[in-house]
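Notes follow once the structure below has been shown.
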Amino acid sequence: MTRERAKELLELYRANDADRSDPFFSEALQMLEVDPVLADWFENEREFDGTVSRAVADVPIPADLKSRLLLHQVTPTRPRWWHHALRPAEFGLAAAIAFLLAIGIAWLYVRPPVPSPFRAEVLQQTWLGRRHVDLETSNLPEIRRFIAAHDLRGDFKLPPELAAMRPHGCSLLSVKGRRVPYVCFIEGSKHLHLVVMDRTLFPDPVEMGTPDFETWQNWNTATWTQGKLTFVLTGLKPNEFVKKFRKDGQWTWGG
Amino acid sequence: MEISYENAVQAHYESLYRFAVSLTNSESAASDLTQATFERLLRKSADVRDPAKLKSWLFTTLYRLFIEQKRSEKRHPHVDLDDAPVPHVESTAGEALDASTVMAALQQLEEPFRTPLALFYLDQHSYREIGEILGLPIGTVMSRLSRGKALLRALLTDRAPNIIPFPLRAAS
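Line by line, the protein sequences give chains A and B. Be aware that the first sequence starts at 3, since it is given in the working numbering, and climbs by one per residue. Be aware that the second sequence starts at 631, since it is given in the working numbering, and climbs by one per residue.
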C-alpha cells in the first residue's frame with residue numbers, strides 16, 4: 003500500500019477510534035508504525051477531526067424540542083404476525099374498523115380524560131406553536147414590561163416557588179381573538195409555561211384560590227384564579243410542583 | 631428487543647437536530663425536520679425491526695424528508711421571514727473555533743460535500759453508515775469526504791489562522 007492510498011483510507015477513520023477494529027483500516031494503521039511522515043500527517047488529521055467534531059457537538063438544541071417530540075410519545079411495537087398474513091389493503095381496512103370500534107367503545111364506556119377545549123388549545127398553542135418565545139430573556143421585569151407594552155396585565159403576582167424559578171422568556175397567544183401572555187420557565191429539566199389571563203376569558207369556573215388539575219397524555223395543566231386573573235400552568239409534570247404551593251393547609255399564590 | 635419511542639428521542643434527537651441544521655441552515659426548519667422524522671418513526675415503526683438499525687433509519691429518513699422538502703420548495707418557492715439562518719462566516723482571526731463558525735463554514739460547501747461531512751463529524755458516523763444513509767457507494771463517500779475535508783480545512787484555516795494551526799497541505 004502506498005502512502006497516498008493509506009491517507010485516502012485514514013481520512014475516513016473516525017476521531018473517536020471507533021474504527022480501530024475495522025479490517026478496512028488495519029493495513030493503513032499498521033503503516034503508521036513504520037512511516038513517521040504518515041504518522042505525523044495522521045496526527046494532524048485526527049486533531050482537526052476532533053476539533054471539528056467537538057465544535058459541531060456544541061450546536062445548541064432548542065430548549066423545547068425534546069418536550070415537543072415527547073408530546074407524541076407512544077411506544078412503537080414490533081411488526082406482528084398479521085402484518086404478514088394480510089395484504090396492506092386488507093390490513094388497512096381491518097385496522098380502520100378496529101380503530102373505529104375502539105374509539106366508539108372508549109367514548110361510550112371509558113371516556114378518557116381530556117382537557118377542556120380551552121385548555122387543550124392553550125397546550126397546543128404554548129407547546130406546539132412555531133415560535134417558542136417572542137422575547138427571550140431571564141429578566142422578569144423585562145418580561146413584565148414586554149407584556150405591559152401590549153396593553154396587558156404585566157403586574158401579576160407569582161407564587162414564591164414560581165417566582166424563584168429562572169424565566170426563559172415570554173410570548174403572546176391569541177385566545178378568543180384576544181391576546182394572552184405566557185411566561186416560559188426553564189430550570190434544569192423543569193420546563194413550564196404560565197398563561198395569565200383575565201378570568202372572564204376562562205370559560206370553566208375555577209374556584210377562587212383552589213387549583214384545578216387536568217391531565218392529557220403526559221401533559222398537565224394546573225389552573226387557579228386569583229383576583230381578576232386566571233393562571234394556567236402547563237408542562238410535563240407541573241402538578242407535583244404546584245402542590246408545593248400549599249403551606250399549612252392554605253394555597254399560597256403570592257397574591 | 632422493543633424500540634421505545636422515548637428512548638429513541640432521548641438517544642438521537644440532538645444529533646438529528648444538528649444534522650438537520652447542517653442541511654437546512656435554519657433553526658426552525660431543523661426543528662420541523664426533526665419533528666417530522668420522529669412522527670415518521672411513530673407511523674412506520676414496523677419498518678424498524680432491528681433496534682441496531684434505528685440510528686441509521688432515523689438519519690436516512692431525515693435526509694429523505696429534507697430531499698422531498700427541497701423538491702417541493704423548487705416547485706413552490708417561498709421565503710420564510712421568521713427563519714434564523716446560521717450566520718455567515720466572516721474573518722474569525724482571534725475568535726475561538728465554535729459551533730457557529732464550523733456550521734457556517736460547512737454551509738459554504740456544496741451539498742454533495744457538506745452532507746457526508748456533517749454525518750462524519752456529527753455523531754461520528756462510519757463511512758459505511760454514511761453510504762447507507764445517503765445511498766452512495768463507498769468509493770463515492772470516500773472521495774466526497776476527502777474533498778469536503780480539504781475544503782473545510784481550507785475555509786477554517788484561512789479564516790481562523792490563529793486558532794487552528796492545521797497545515798493546509800499534509801506533511802509529505
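We put the beta carbon where it would ideally sit given N, CA and C, even for glycine.
{"Query": "Distance, Leu137 of chain A Cα to Phe148 of chain A Cα", "Result": "8 Å"}
{"Query": "The segment 745-775 of chain B: positions lying closer than 7 Å to chain A by Cβ", "Result": "Tyr751, Leu752, Gln754, Ser756, Tyr757, Met772 and Leu775"}
{"Query": "Any chain A beta carbon closer than 7 Å to Ser661 of chain B", "Result": "yes"}
{"Query": "Neighbouring residues, chain A, relative to Glu740 of chain B (Cβ below 9 Å)", "Result": "Neighbours of Glu740 of chain B on chain A: none; closest Cβ ~18 Å, over 9 Å."}
{"Query": "Cut-off 8 Å between Cβ atoms - residues of its own chain near Glu209 of chain A, not counting five sequence neighbours on either side", "Result": "Thr227"}
{"Query": "DSSP-derived helix/strand/coil call for Asn141 of chain A", "Result": "coil"}
{"Query": "For Leu194 of chain A, three-class secondary structure by DSSP", "Result": "strand"}
{"Query": "The segment 53-61 of chain A contacting the segment 743-761 of chain B, beta-carbon criterion three pairs below 8 Å", "Result": "yes"}
{"Query": "Residues of its chain near Thr654 of chain B, where Cβ-Cβ distance is below 8 Å and the 5 sequence neighbours each way are ignored", "Result": "Ala660, Leu663 and Phe696"}
{"Query": "Chain B within 7 Å of Asp60 of chain A, Cβ atoms only", "Result": "yes"}
{"Query": "Contact set between Thr803 of chain B and chain A, taken where Cβ atoms lie within less than 8 Å", "Result": "Beyond the ends of chain B as shown, which are 631 and 802, falls residue 803 of chain B; an answer cannot be given."}
{"Query": "Of the listed residues A:Asp66, A:Leu196 and A:Asn46, nearest to Tyr643 of chain B (C-alpha basis)", "Result": "A:Asp66"}
{"Query": "Own chain, CB closer than 7 Å to Leu764 of chain B, minus 5 neighbours either side, in chain order", "Result": "Tyr693, Thr745 and Pro746"}
{"Query": "Closer than 7 Å at the beta carbon, the chain A residues around Lys779 of chain B", "Result": "Glu13"}
{"Query": "Assigned exposure category for Leu688 of chain B - 16 Cβ within 10 Å defines buried", "Result": "buried"}
{"Query": "Contact set between Arg16 of chain A and chain B, taken where Cβ atoms lie within less than 7 Å", "Result": "Gln754 and Ser756"}
{"Query": "Lys245 of chain A classed as buried or exposed, judged by whether at least 16 other C-beta atoms fall within 10 angstroms", "Result": "exposed"}
{"Query": "Best match in A:Glu242, A:Met167, A:Lys249 and A:Val198 for proximity to Thr232 of chain A [C-alpha to C-alpha]", "Result": "A:Val198"}
{"Query": "Glu6 of chain A versus Glu759 of chain B: straight-line alpha-carbon distance, rounded", "Result": "24 Å"}
{"Query": "Those residues which DSSP pairs with Arg180 of chain A across a bridge", "Result": "A:Val177"}
{"Query": "Straight-line Cα distance separating Pro169 of chain A from Leu142 of chain A", "Result": "7 Å"}
{"Query": "Cβ of Phe668 of chain B within 7 Å of any chain A Cβ", "Result": "yes"}
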